[in-house]
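Trainee: Using UniProt numbering, read the sequence shown as starting at 1 and increasing by one per residue. Cβ atoms here follow ideal geometry from the backbone N, Cα and C, with glycine treated the same way. Got a structure for you, questions after.
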Amino acid sequence: MTGGEDGGAVAVVHRAGPGADGPDYAPDQWPEPLGPARPLDPLGTVLIPAAVRAVVAPRPTAPAPAAPAAPATAPRPDPSIGLAAELELNADRLVRRRLPRGRRLAAAAERLTRGGDRERDQGRLVERIRTPLRQAHRIAVLGSAPGTGRTVTTTLLGDLLATHRPDRVIALALDAGTAPPGLPAAPSHQDFRRFTGLRPSGLEQLAGGPGDEADHLRLLDAAASQYPVVLTDAGGAAPAVRAALARADQLVLCTDASVRGAAGTDALLGWLAGEGFGALAASAVLVVSPVRDQQRELPAQELSGHFGARCRAVVTVPQDAHLAAGGDPAPDRLRGRTRTAFTELAALLGDAMAGAAG
Numbered sequence: 001m002t003g004g005e006d007g008g009a010v011a012v013v014h015r016a017g018p019g020a021d022g023p024d025y026a027p028d029q030w031p032e033p034l035g036p037a038r039p040l041d042p043l044g045t046v047l048i049p050a051a052v053r054a055v056v057a058p059r060p061t062a063p064a065p066a067a068p069a070a071p072a073t074a075p076r077p078d079p080s081i082g083l084a085a086e087l088e089l090n091a092d093r094l095v096r097r098r099l100p101r102g103r104r105l106a107a108a109a110e111r112l113t114r115g116g117d118r119e120r121d122q123g124r125l126v127e128r129i130r131t132p133l134r135q136a137h138r139i140a141v142l143g144s145a146p147g148t149g150r151t152v153t154t155t156l157l158g159d160l161l162a163t164h165r166p167d168r169v170i171a172l173a174l175d176a177g178t179a180p181p182g183l184p185a186a187p188s189h190q191d192f193r194r195f196t197g198l199r200p201s202g203l204e205q206l207a208g209g210p211g212d213e214a215d216h217l218r219l220l221d222a223a224a225s226q227y228p229v230v231l232t233d234a235g236g237a238a239p240a241v242r243a244a245l246a247r248a249d250q251l252v253l254c255t256d257a258s259v260r261g262a263a264g265t266d267a268l269l270g271w272l273a274g275e276g277f278g279a280l281a282a283s284a285v286l287v288v289s290p291v292r293d294q295q296r297e298l299p300a301q302e303l304s305g306h307f308g309a310r311c312r313a314v315v316t317v318p319q320d321a322h323l324a325a326g327g328d329p330a331p332d333r334l335r336g337r338t339r340t341a342f343t344e345l346a347a348l349l350g351d352a353m354a355g356a357a358g
């Protein structure tokens, strides 16, 4: 520095001449030049240069879960699965497809029509059961062998008759004996009521004491004087069977669908014809119950064809858990088909009552 005219300091800059060498201030190594970033893809995604990525510390990341190895080929269904594989649930089966409105209405109308037809059929059966009587009507119930449904048939038939008819109905168990001690020779209805049991249907039941054929006949005549409809469970005792047949206006024969039952029914029909009850047997209704043990069961159509030529009608009773369990039968606990079978039986007996009433 030098002093100026005004006494101030003046800065003096020394410049090197053209031929003089100046000091070299350049660094020993220059950084690599950063070229223009290249896009990764046409969308313009830019990669961070390697030099810049080295400055930024990477964040720790969890290892990515290993993807399960895809099978080389799809497994085939096991043919042993059979129908279960075909019924496997899928989205198509879970979706409930509704029928078109027209088809739904047609299906509903068909159900109503079937229901109406059943009600009309039931109504016609009841009308036949309610056939009026001008005098007492006695119905004998016999079995081709023990255990063929004789007592069950008597009870259920009596229940249906008592339910649908306006008059009194009684069922006599003749195999249990004759009139109980204490019943007058000419009893009134109140006298009978002292000894009869009353079922919910209104059916009265009576079991008496021991006696001979003449005693059975007196009991049957006394019952007919007070009850328009008299059912007799004749059992297997000869005096009771002969008394029941002697007073019977109609006959119901009970058997089962076994070979033994069919053979026993043939023998019983032959015996009836030989004893002078051929006309009664020809107008009888045969009730065929299902086989309970391990015996072979004959087809219902075969039995109907065989015995239909020897009897007025054949009624086949289907399998029913309530009847198979034994005990006291109740109409309201029967299957629909079983109840219909016994209702048809009662209607067939009502048809014959119409002939007796004339």
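E344 to P181, Cα distance in whole Å?
Mentor: The count along the sequence shown starts at 1 and reaches residue 344 at position 344. The count along the sequence shown starts at 1 and reaches residue 181 at position 181. Whole-angstrom Cα-Cα distance: 37 Å.
Trainee: Would A262 count as contacting chain B if we go by Cβ distances under 8 Å?
Mentor: Judged by its chain identifiers, the structure shown contains no chain B, having just a single protein chain.
Trainee: Who pairs with A316 in a beta bridge, going by DSSP?
Mentor: Residue mapping note: residue 316 aligns to position 316 of the sequence shown, counting from 1. For the sequence presented, residue 316 should be read as Thr rather than Ala. Answer is V288, bridged to T316.
Trainee: In whole angstroms, what separates the C-alpha of E297 from that of L323?
Mentor: As a position in the sequence shown, residue 297 is number 297, starting the count at 1. As a position in the sequence shown, residue 323 is number 323, starting the count at 1. Cα to Cα, the separation comes out at about 17 Å.
Trainee: So, using beta-carbon positions, are I129 and A346 closer together than 8 Å?
Mentor: Here residue 129 is taken as the residue at index 129 of the sequence shown, counted from 1. Here residue 346 is taken as the residue at index 346 of the sequence shown, counted from 1. Yes, these two residues count as a Cβ contact at 8 Å.
Trainee: Take G261 as the anchor and find which of Q226, A185, V287 and R194 has the nearest alpha-carbon.
Mentor: What you label residue 261 is simply residue 261 of the sequence shown in a count that begins at 1. Ranking Q226, A185, V287 and R194 by Cα distance to G261 puts V287 first.
Trainee: Inspect the beta-carbon positions of A281 and A273 and report whether they are closer than 8 Å.
Mentor: Locating residue 281 in the sequence shown gives position 281, where the first residue counts as 1. Locating residue 273 in the sequence shown gives position 273, where the first residue counts as 1. Against a cut-off of 8 Å, the Cβ pair of A273 and A281 comes out as a contact.
Trainee: For the beta strand (DSSP E) that A173 lies in, which residues bound it at each end?
Mentor: Position 173 of the sequence shown, counted from the start, is the residue given in the question as residue 173. Start and end: V169 to A173.
Trainee: Do you know how far the Cα of L125 is from the Cα of T338?
Mentor: As a first step, residue 338 is located in the sequence shown; it is residue number 338 there, counting from the start. As a first step, residue 125 is located in the sequence shown; it is residue number 125 there, counting from the start. Their backbone Cα atoms lie some 14 Å apart in a straight line.
Trainee: Whose C-beta lies closer than 6 Å to the C-beta of D167 among residues of the same chain, with five residues either side of it excluded?
Mentor: By 1-based counting over the sequence shown, the position of residue 167 is 167. P228, listed in sequence order.
Trainee: Kindly indicate which three-state DSSP category T232 falls into: helix, strand or coil?
Mentor: Mapped onto the sequence shown, residue 232 falls at position 232. Looking at T232 - three-state DSSP - the assignment turns out to be strand.
Trainee: Just mark V259 as buried or exposed, buried being the case when its beta carbon has 16 or more other beta carbons within 10 Å.
Mentor: Mapped onto the sequence shown, residue 259 falls at position 259. Answer is exposed; the Cβ neighbour count stays below 16.
Trainee: Quick one: Cα of D215 to Cα of A240, how far?
Mentor: As a first step, residue 215 is located in the sequence shown; it is residue number 215 there, counting from the start. As a first step, residue 240 is located in the sequence shown; it is residue number 240 there, counting from the start. Cα-Cα distance, rounded: 9 Å.
Trainee: Could I get the ranges of all uninterrupted beta strand (DSSP E) runs contained in the segment 127–202, with 3 residues as the minimum, in chain order?
Mentor: Taken in chain order, the unbroken stretches of beta strand (DSSP E) that lie wholly in the segment 127–202 and span 3 residues or more are 137–143 and 169–173.
Trainee: For the alpha helix (DSSP H) that Q301 lies in, which residues bound it at each end?
Mentor: In the sequence shown, counting from the first residue as 1, residue 301 sits at position 301. Where Q301 is concerned, the enclosing alpha helix (DSSP H) stretches over A300 to F307.
Trainee: State whether the segment 229–239 contacts the segment 126–145, with contact taken as three or more CB pairs (one from each stretch) at a distance under 8 Å.
Mentor: yes
Trainee: Using 8 Å as the threshold, is the C-beta distance between T255 and T148 below it?
Mentor: In the sequence shown, the residue the question calls residue 255 occupies position 255. In the sequence shown, the residue the question calls residue 148 occupies position 148. Yes, the pair counts as a contact, with Cβ atoms nearer than the cut-off.
Trainee: Are the CB atoms of A244 and L174 within a distance shorter than 8 Å?
Mentor: Numbered from 1 along the sequence shown, position 174 holds the residue referred to as residue 174. Numbered from 1 along the sequence shown, position 244 holds the residue referred to as residue 244. Yes, the Cβ-Cβ distance between L174 and A244 is below 8 Å.
Trainee: Answer with buried or exposed for S188, where buried requires no fewer than 16 other C-beta atoms within 10 angstroms of its C-beta.
Mentor: If you number the sequence shown from 1, residue 188 lands on position 188. A residue is called buried when at least 16 other Cβ atoms come within 10 angstroms of its Cβ; S188 does not meet this threshold and is exposed.
Trainee: Could you check where the alpha helix (DSSP H) with D266 kicks off and where it finishes?
Mentor: Counting from 1 along the sequence shown, the entry for residue 266 is found at position 266. Where D266 is concerned, the enclosing alpha helix (DSSP H) starts and stops at V259 to G274.
Trainee: In angstroms, rounded to a whole number, what distance separates the CA positions of residue 366 and H137?
Mentor: The chain is shown only over 1 to 358; residue 366 falls outside these bounds and no answer can be derived.
Trainee: Indicate the three-state DSSP secondary structure (helix, strand or coil) for Q122 in the structure shown.
Mentor: On the sequence shown, residue 122 is found 122 positions in, with the first residue counted as 1. Reduced to three states, the DSSP call for Q122 is helix.
Trainee: How would you write the range of the alpha helix (DSSP H) that E297 sits in, first residue to last?
Mentor: Locating residue 297 in the sequence shown gives position 297, where the first residue counts as 1. From DSSP, E297 is part of no alpha helix (DSSP H); its letter is neither H nor E.
Trainee: Roughly how many angstroms lie between the CA atoms of R134 and Q190, to the nearest whole one?
Mentor: Sequence index remark: in the sequence shown, residue 134 carries index 134 (1-based). Sequence index remark: in the sequence shown, residue 190 carries index 190 (1-based). Their backbone Cα atoms lie some 22 Å apart in a straight line.
Trainee: Just to confirm my understanding: we take L295, look at its own chain, exclude 5 residues before and 5 after, and list those with CB closer than 6 Å. What are they?
Mentor: Counted from its first residue, the sequence shown places residue 295 at position 295. Reading the sequence as shown, one finds Gln at residue 295 and not Leu. The beta carbon of Q295 is closer than 6 Å to those of S258 in its chain, skipping five residues each way along the sequence.
Trainee: Under the three-state reduction of DSSP, which class applies to L334: helix, strand or coil?
Mentor: Walking along the sequence shown from the start, residue 334 turns up at place 334. Three-state result, L334: coil.
Trainee: With distances taken between CB atoms, is the gap from A246 to L217 smaller than 8 Å?
Mentor: What you label residue 246 is simply residue 246 of the sequence shown in a count that begins at 1. What you label residue 217 is simply residue 217 of the sequence shown in a count that begins at 1. For A246 and L217, yes; Cβs fall inside 8 Å.
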